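Down below is the structure, laid out as structure tokens.
Structure below.
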């Protein structure tokens, strides 16, 4: 026995009757519904006629709709009896929004059933791996869970009003940091904080301190405020274990040398400090996922779930070149990295959160001399698309890295803003890096 698909015939009829009685309602209905949201074919074609009349700036009434079908026989015919039935309905004056919601709910259920059937059929195909299949399932389910039909276009007046309201709110608050607070005032001055949908690349040669810098950013952003509220940071490391990362975090917050933590050679007062620091860290909104593989599709699926749970304000990935695409169809490494970079940018836009992705630099940097060793955008390893996809590119550079004669390192490190889509670029921020505590300190000096 074939089961009936979810439908809302009565709500559909009452919604159409509401529009006949109050034609201005077509504006809202046309914005949120398509003909395929209607289960009844009669209701679907009548709605199509109403939308067409509205688009042509014609009156919407029973006569004009009847004439529309006469002029467009390809749509079929609507019986006079059915139009009479609609004219005799008495929809509630305040029921339009209710009818709209019932129709959209039934339509979404039908789409879920359709997509579920397609997912089952897709599983029998032999031309995709289980990982590719799982990624496709995750994508379709996520799209369904977040789908809300809206207008395809936004008029400039609407966007301008939204923008004005946003900057008016910022102006009244007096806040200069409009995105996520990095915890470093000099970096905030240049970026105004990390904004939703931004892809931020932090790049350096191995051992320069980029993982430590990312940990500093995670701690600063996820630190609870005075009300105990915290931002949620999802940290994916393909290079270090969760325990190694936590060890660095505890060293950073407590000031205890990381080596002393690893070897458990602490003085009594340091043990007490460590215990207090662990208790403090428990209140930070930092989340690890050590089950993540190198597949970018699986990372994307996990981030979608975090977002649906309301626990995602920032994603940090350490590091980009260790990710791999879900498909193996790419001809060379440059295409692979380009696809990963593009996927991360798309994910930032989809989830409306900033993503910080660490990246390696080309060996060419080390072949240069003096100040020429400072990285430039062309030094981004394996793909020019990283530069194109990124909203912000941050380089870490320290002369200490190149010391070969046994000289005492200075601890000085430059944070170079090489690209900044929404602000100043070519800016060098002076920091000090305490490597043994994985801690960065800003120095109040800026060059540009």
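In this note's numbering, the protein residues as written are 188 to 635.
For each residue, glycine too, the CB sits at the ideal point set by N, CA and C.
Computed from a predicted structure; not experimentally measured.
{"Asked": "Beta strand (DSSP E) containing residue 621: first to last residue?", "Found": "614-621"}
{"Asked": "Could you tell me whether the region 500-507 touches the region 530-543, where touching means 3 or more Cβ pairs closer than 8 angstroms?", "Found": "yes"}
{"Asked": "Three or more C-beta pairs closer than 8 angstroms, one from the region 370-379 and one from the region 413-420: is that the case here?", "Found": "no"}
{"Asked": "In terms of DSSP beta bridges, what is residue 350 paired with?", "Found": "DSSP lists no partner for residue 350."}
{"Asked": "Just list the residues that DSSP pairs residue 601 with in beta bridges.", "Found": "584 and 617"}
{"Asked": "By DSSP's criteria, residue 381 is part of a beta bridge. Which residues make up the other side?", "Found": "367"}
{"Asked": "Residue 359 bridges to which residues according to DSSP?", "Found": "None; residue 359 has no bridge partner."}
{"Asked": "By how many angstroms is the C-alpha of residue 548 removed from the C-alpha of residue 522?", "Found": "17 angstroms"}
{"Asked": "Give me the Cα-Cα distance between residue 497 and residue 609, rounded to the nearest whole angstrom.", "Found": "27 angstroms"}
{"Asked": "List in chain order: all unbroken alpha helix (DSSP H) runs of 4+ residues lying wholly within the region 435-519.", "Found": "445-450, 455-468 and 483-495"}
{"Asked": "Using a C-beta cutoff of 7 angstroms, does residue 205 count as contacting chain D?", "Found": "Among the protein chains of the structure shown there is no chain D, as only one such chain exists."}
{"Asked": "Are residue 297 and residue 192 close, meaning C-beta to C-beta below 7 angstroms?", "Found": "yes"}
{"Asked": "Distance, Cα to Cα, residue 460 vs residue 406?", "Found": "18 angstroms"}
{"Asked": "Drop a sphere of 10 angstroms on the beta-carbon of residue 630, count the other beta-carbons inside from all chains shown, and report buried for 16 or more, exposed for fewer.", "Found": "exposed"}
{"Asked": "Among 605, 519 and 487, which residue has its Cα nearest to the Cα of residue 323?", "Found": "487"}
{"Asked": "Counting pairs of beta carbons, one from the region 281-294 and one from the region 201-220, are three or more of them closer than 8 angstroms?", "Found": "yes"}
{"Asked": "Could you compute how far the alpha carbon of residue 343 sits from the alpha carbon of residue 350?", "Found": "10 angstroms"}
{"Asked": "Pull up the distance between the alpha-carbon of residue 278 and that of residue 264, whole angstroms please.", "Found": "24 angstroms"}
{"Asked": "Residues bridged to residue 547 by DSSP?", "Found": "391"}
{"Asked": "Starting from the Cα of residue 212, find the closest Cα among 259, 225, 287 and 272 and give me that residue.", "Found": "287"}
{"Asked": "By alpha-carbon positions, which one of 262, 395, 366 and 362 ends up nearest to residue 622?", "Found": "395"}
{"Asked": "Among 503, 482 and 409, whose alpha-carbon lies nearest the alpha-carbon of residue 470?", "Found": "409"}
{"Asked": "Please classify residue 316 as buried or exposed, where buried requires at least 16 neighbouring CB atoms within 10 angstroms.", "Found": "exposed"}
{"Asked": "Do you know offhand how far residue 432's Cα is from residue 319's?", "Found": "30 angstroms"}
{"Asked": "Work out the CA separation of residue 219 and residue 290 for me, nearest whole Å.", "Found": "10 angstroms"}
{"Asked": "Near residue 210, which residues of its chain fall below 6 angstroms by C-beta distance, leaving aside the five closest residues on each side in sequence?", "Found": "247"}
{"Asked": "Buried or exposed: which applies to residue 562, given that a residue is buried once 16 or more other Cβ atoms fall within 10 Å of its Cβ?", "Found": "buried"}
{"Asked": "Taking residue 545 as the reference, give the member of 527, 555, 553 and 560 with the closest Cα.", "Found": "527"}
{"Asked": "Per DSSP, which residues does residue 638 bridge with? Please list them.", "Found": "Beyond the ends of the chain as shown, which are 188 and 635, falls residue 638; an answer cannot be given."}
{"Asked": "Mind checking whether residue 577 and residue 386 have CB atoms under 7 angstroms apart?", "Found": "yes"}
{"Asked": "Can you tell me whether DSSP reads residue 413 as helix, strand or coil?", "Found": "coil"}
{"Asked": "Looking only at its chain, what residues have a beta carbon closer than 6 angstroms to the beta carbon of residue 403, apart from the 5 residues adjacent to it on each side?", "Found": "627"}
{"Asked": "When you compare the CB positions of residue 489 and residue 538, do they come within less than 7 angstroms of one another, or not?", "Found": "no"}
{"Asked": "Under 7 angstroms between the Cβ atoms of residue 541 and residue 400?", "Found": "no"}
{"Asked": "Of the residues 583, 604, 593 and 591, which one's Cα is nearest the Cα of residue 619?", "Found": "583"}
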